[in-house]
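These notes concern the structure reproduced below.
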Amino acid sequence: MKHILITGSTDGIGKLLALRLANEGHFVAIHGRDTTKLLATLAEIKTASNNENVIGFLANFSDLEAVKKMAIDVEKQMPIIDILINNAGLFMSKNASTASGIDARLVVNYLAPYQLTAAIVPLLKKAEAPRIINLSSAAQAPVSLEALQKNIGLGANEAYAQSKLALTMWSFSLAKQEPSITVVAVNPGSLLDTKMAKEAYGQHWSPAEKGVAILYDLALTDLAETGTYYDNDKGFYSEAHPDAYDSNKISTLIQLTKGLLSN
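Read in order, the letters of the sequence shown correspond to residues 7 to 269 in the working numbering.
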């Protein structure tokens, strides 16, 4: 039995993956931002899987204070984490900026998982073969440090692509920083049949199960290779954006991120 935490798992591929893992008897922690939806999903997964080892965490990832509180709750309720899947993501947003003034996509898709992961790394290090799976995207664009410092606004596509490259750059950095943890960035598949794709584009190219399958394989089989980017559109490990291999750009991004999160 593995102890697995999946963020953004009250719908989409996160929920489907949580159900599959619960069916197999793993200890599964799900996360959502809406209390009613979180409780309903918990009840649904427990009933469908007949597995009582399913717990839930509540946090709106656009609020970094809420992420801090969630990390404390995780530490209290999970003595160990074998696998962390940073799946929570945002594309369309009614409020483009957060209370901090930073674009919501940059916060939810990059700063929040960075902050949560940094806080719970000690729980991962208790596992024999810990893994972190970070959900990237085929959409990757050079990160605007000014936007991260809330100096300029971004369009939805631009902000999303920048957030996913930032996540990938951090994944590669984390793999080097924590050699005992396998860290993989993955594009689970473009335009999967999920709520996010429907809201953003009104269409999908592939079933959600395509994303579920690759996340499962990276989490629980020998497919995972640390410090890499898996492109599920292609079906193999691939090259991420060139900036993900630029040590100076990565160092600058991580330093800025640490500064933002220490405030």
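For each residue, glycine too, the CB sits at the ideal point set by N, CA and C.
- With fewer than 16 other CB atoms across the displayed protein chains lying within 10 angstroms of its CB, Thr-41 is exposed.
- Exposure of Asp-228 is indicated by the presence of fewer than 16 other C-beta atoms within 10 angstroms of its C-beta.
- Under the three-state reduction of DSSP output, Thr-174 falls in the helix class.
- In this structure the region 52-61 does not lie against the region 105-117, because fewer than three pairs of beta carbons, one per stretch, are closer than 8 Å.
- DSSP, read as helix, strand or coil, puts Ala-35 in strand.
- Between Leu-151 and the set Gln-261, Asp-88, Ala-46, Leu-180, the nearest pair of CA atoms involves Gln-261.
- Taking each of Ile-19, Ser-179, Pro-85, Gln-83 in turn and checking the Cα distance to Thr-263, the smallest one comes out for Ser-179.
- Between the region 80-93 and the region 116-127 there are three or more C-beta pairs closer than 8 Å, enough to call the two in contact.
- Burial check for Ser-257: the Cβ neighbour count within 10 Å stays below 16, so the residue is exposed.
- When only Cα atoms are considered, Ala-46 and Ser-253 end up about 44 Å apart.
- Under the three-state reduction of DSSP output, Asp-40 falls in the coil class, being neither helix nor strand.
- Here DSSP, grouped into helix, strand and coil, assigns Ala-225 to helix.
- Contact between Leu-11 and Ile-87 holds: their C-beta atoms lie close to 6 Å from each other, under 8 Å.
- In this structure Gly-195 is in contact with Lys-216, their Cβ atoms being roughly 5 Å apart against a cut-off of 8 Å.
- DSSP places Val-73 in the helix class (H, G or I) of the three-state scheme.
- Where Leu-141 is concerned, the enclosing beta strand (DSSP E) starts and stops at 137-141.
- Taking C-beta atoms as the reference points, Tyr-236 and Ala-246 fail to come closer than 7 Å.
- Membership of Asn-254 in the alpha helix (DSSP H) is indicated by the continuous run 253-268.
- In this model, Lys-156 and Ala-54 are separated by some 44 Å (Cα to Cα).
- Between Leu-64 and Leu-44, the C-beta gap is smaller than 7 Å, which places the two residues in contact.
- Annotated three-state conformation of Asn-193 is strand, per DSSP.
- Per the C-alpha coordinates, the member of Lys-170, Ala-144, Leu-48 positioned closest to Asp-17 is Leu-48.
- The straight-line gap separating the alpha-carbon atoms of Val-189 and Trp-176 is approximately 10 Å.
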